[in-house]
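Below: one structure, written as structure tokens.
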DNA sequence: GAAATCACTCAAAGCGCTTTGGAAATGATT
DNA sequence: AATCATTTCCAAAGCGCTTTGAGTGATTTC
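Protein chains in written order, with the numbering used here: chain A, 1 to 342; chain B, 1001 to 1342.
Printed below as a string of structure tokens:
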């Protein structure tokens, strides 16, 4: 079933049928109703390809997911982000185009997305400091929103980000207030911008208190359970072990908890832990009382915000960049307590 | 830059340029080289929309992800599946179209995907017993592959699945062999086909041994950490507590481990646990010796297989359904041990 | 009663590509 | 030199839609 058939079937021209379906005013309500009824009756939907060829809009948003061996991005956090963004697209009749590409092909993929005109806009994931992709996207003059920020870039662009620096600064200060002095940081990969900012916040808090941060107590790695486990074991096994840990993700924290259990320690008493919680649906942070004291920020919500911002930009044609900075709350759970003298 | 401009630029017709780029034989190698060089030089890629309108193929595969409140599907397992499938699509120059829709709109979405002709095929996720979507997809006559199976359907269709029944049957028998008699099952939602099959396997093993399965020791729920925790606490707190548990996913198992720890028990000694491990990259099952005894099957690999099968079907035009049944290995880890008399 | 307005409707062009059915140029064969 | 096959190229149709610019009849206004 296509426009042509439908219109001959109705005894109308293609123009009228098209206008009726797309809610143009130049069509009487009577015919509009008749046309719409026929469309649903014959299960007619306009062919997207033809439609976007004619209109110049593809009604689709691209997400480019780079993969290396075991990369940051194809992870549970990403899944929740996508779910959030996808909801917004659906509500706005847009499609989501996902390209999973080896990271060396990432640039080519962006070029092609622009050249092939298969999307109206792009969400960029996992920005690094001074990320070259931002210049690339600007030069391709395709609307885009970055999930996160790329420090030190001279250009302005649209982004949605969590205040990671402030978040970790507060977390560290919270632990200092409880009497802790030796803090450990188990961070994400620090060539990622968010991880770098978190470390900055961690260090800022130390500076404010005049406490020296021990480089041996700051590690950075993939956000995986085993990395959390191994890092915690290593740190807690040291002569000068930390009395509190700040952990960059729930997944890592699960490994940290396993390590603490294996070492016969009790979390919240022998060792305090603060995590950053992305509020993943299948990894809730306890029911009533949170298991972990946490800085939290829903990545699902971030996905919605990014998607909505991009759609707004595409619609608005006002290309001044937009920014959303999300603050995190610090929720106290059972994993933190005052420093105990041993 | 488009075909027209490029061809006038080269002093050739659009036909020739198109044929040169698409490796048709009717073009001399000399001109082909010249054309290709010009294309890359001017950063030309054929407009996908126009191309697919002309060819009738969209070079895209659709994935419809239904969401309810906190649904099975938008989960870490899904993320790894998508990553696997996406890799295959990229290698074959296909795009992945993701539709995240409220489950009540799922049928409409499939209808539209077919009507709008925006994809060449579809991967169906999370089949239920007697799933109506299969009939729908057949009636829309669009190529599709199901990840999993829908029991009791009379029609044949293409699928990639894990032998879930056998897998859980073996797991239960393994525990029986260790002397356990009271086994607990912490399963996924049993309106999902895979969960139903797992339960069947669990029950089959009981039948083989002439052991009665206690309904109080079989729970089914969302595959989330807290569900695992609560289920384990409930079961282990009973007067007639199980001495071994079979858990349907790593995420749930993390909650189970937490419950066991909170109750002061030791896994592998006081209580045995076997899990099904989907081999998620960021939740590895230990390094050398697995933490959990597990039946394992990589969902990432399943994603690749589904994608490849679908592409094959689309290409082949031989529409006889294909099937791939993946067997799981039973890997022994530290979470199981012989029954101890208390 | 003629002119102007309004409410609908339509034919046809165009979006950027592929592909059919030739045509022109080249080379080989008689 | 004429014929034929081969290679190389092209004009134009068509994919299914939107949108421009124009036309029709009915209604209102002068």
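For glycine and all other residues, C-beta sits at the position ideal for the given N, C-alpha and C.
{"Asked": "Proximity test, residue 104/A beta-carbon vs the ligand GDP heavy atom, cut-off 7 Å", "Found": "This structure simply doesn't include the ligand GDP, nor any ligand for that matter."}
{"Asked": "The segment 36 to 47 of chain A: positions lying closer than 9 Å to chain B by Cβ", "Found": "43, 44, 45, 46, 47"}
{"Asked": "Residues, ordered as in the chain, of the segment 266 to 283 of chain A that lie near chain B by beta-carbon distance below 7 Å", "Found": "281, 282, 283"}
{"Asked": "Anticipated Cβ contact below 8 Å, residue 1006/B with residue 1038/B, distance rounded", "Found": "6 Å"}
{"Asked": "Helix, strand or coil at residue 1248/B according to DSSP, with G and I counted as helix", "Found": "coil"}
{"Asked": "Exposure label - residue 51/A; buried when at least 16 CB within 10 Å", "Found": "buried"}
{"Asked": "CB of residue 1059/B within 8 Å of CB of residue 1158/B, strictly", "Found": "no"}
{"Asked": "Whole-number beta carbon distance between residue 1116/B and residue 47/A, since they are thought to touch under 8 Å", "Found": "6 Å"}
{"Asked": "Backbone secondary structure at residue 1048/B - three-state DSSP", "Found": "helix"}
{"Asked": "Distance, residue 109/A Cα to residue 1346/B Cα", "Found": "Past the edges of chain B, shown from 1001 to 1342, lies residue 1346/B, and the structure says nothing about it."}
{"Asked": "Where residue 1073/B falls: helix, strand or coil (DSSP)", "Found": "Note on residue 1073/B: pLDDT 48, under 50, position unreliable in the model; no value is reported."}
{"Asked": "Within-8 Å CB hit, residue 973/B to chain A", "Found": "In this structure chain B extends from 1001 to 1342, so residue 973/B is not present and cannot be described."}
{"Asked": "Option in 1240/B, 1062/B, 1276/B with minimal Cα separation from residue 1252/B", "Found": "1276/B"}
{"Asked": "Members of the segment 1190 to 1222 of chain B that neighbour chain A once the beta carbon cut-off is set at 8 Å", "Found": "1222"}
{"Asked": "Contact check, residue 336/A vs residue 274/A, beta carbons under 8 Å", "Found": "yes"}
{"Asked": "Within-8 Å CB hit, residue 65/A to chain B", "Found": "yes"}
{"Asked": "Nearest to residue 1343/B (by Cα), restricted to the options 1217/B, 1170/B, 1226/B, 1297/B", "Found": "Given that chain B is displayed from residue 1001 to residue 1342, the structure contains no residue 1343/B and the question cannot be resolved."}
{"Asked": "Contact set between residue 79/A and chain B, taken where Cβ atoms lie within less than 7 Å", "Found": "1074, 1075, 1076, 1078, 1079"}
{"Asked": "Neighbourhood of residue 73/A by C-beta distance below 8 Å, restricted to the same chain and skipping five residues each side", "Found": "Because the pLDDT at residue 73/A is just 48, under 50, the model does not fix this residue reliably, and the value given afterwards should be weighed accordingly. Excluding positions up to five away in sequence, the list reads 65, 66, 67, 125, 126."}
{"Asked": "Length of the line joining the Cα atoms of residue 248/A and residue 256/A", "Found": "11 Å"}
{"Asked": "Identity of the residue in 1187/B, 1079/B, 1017/B nearest residue 1283/B by Cα", "Found": "1079/B"}
{"Asked": "Residue 1211/B, DSSP secondary structure in three states", "Found": "coil"}
{"Asked": "Cβ-based neighbour list, residue 312/A, same chain, cut-off 6 Å, excluding 5 preceding and 5 following", "Found": "none"}
{"Asked": "Contact with chain A by residue 1116/B, beta-carbon distance below 8 Å", "Found": "yes"}
{"Asked": "Three-state secondary structure (DSSP) of residue 117/A", "Found": "coil"}
{"Asked": "Chain A contact for residue 1335/B (CB, 8 Å cutoff)", "Found": "no"}
{"Asked": "Listed by chain order, chain A residues near residue 1251/B by CB distance under 8 Å", "Found": "282, 283"}
{"Asked": "Cβ pair residue 297/A, residue 326/A closer than 8 Å", "Found": "yes"}
{"Asked": "For residue 1167/B, the three-state DSSP class (helix, strand or coil)", "Found": "helix"}
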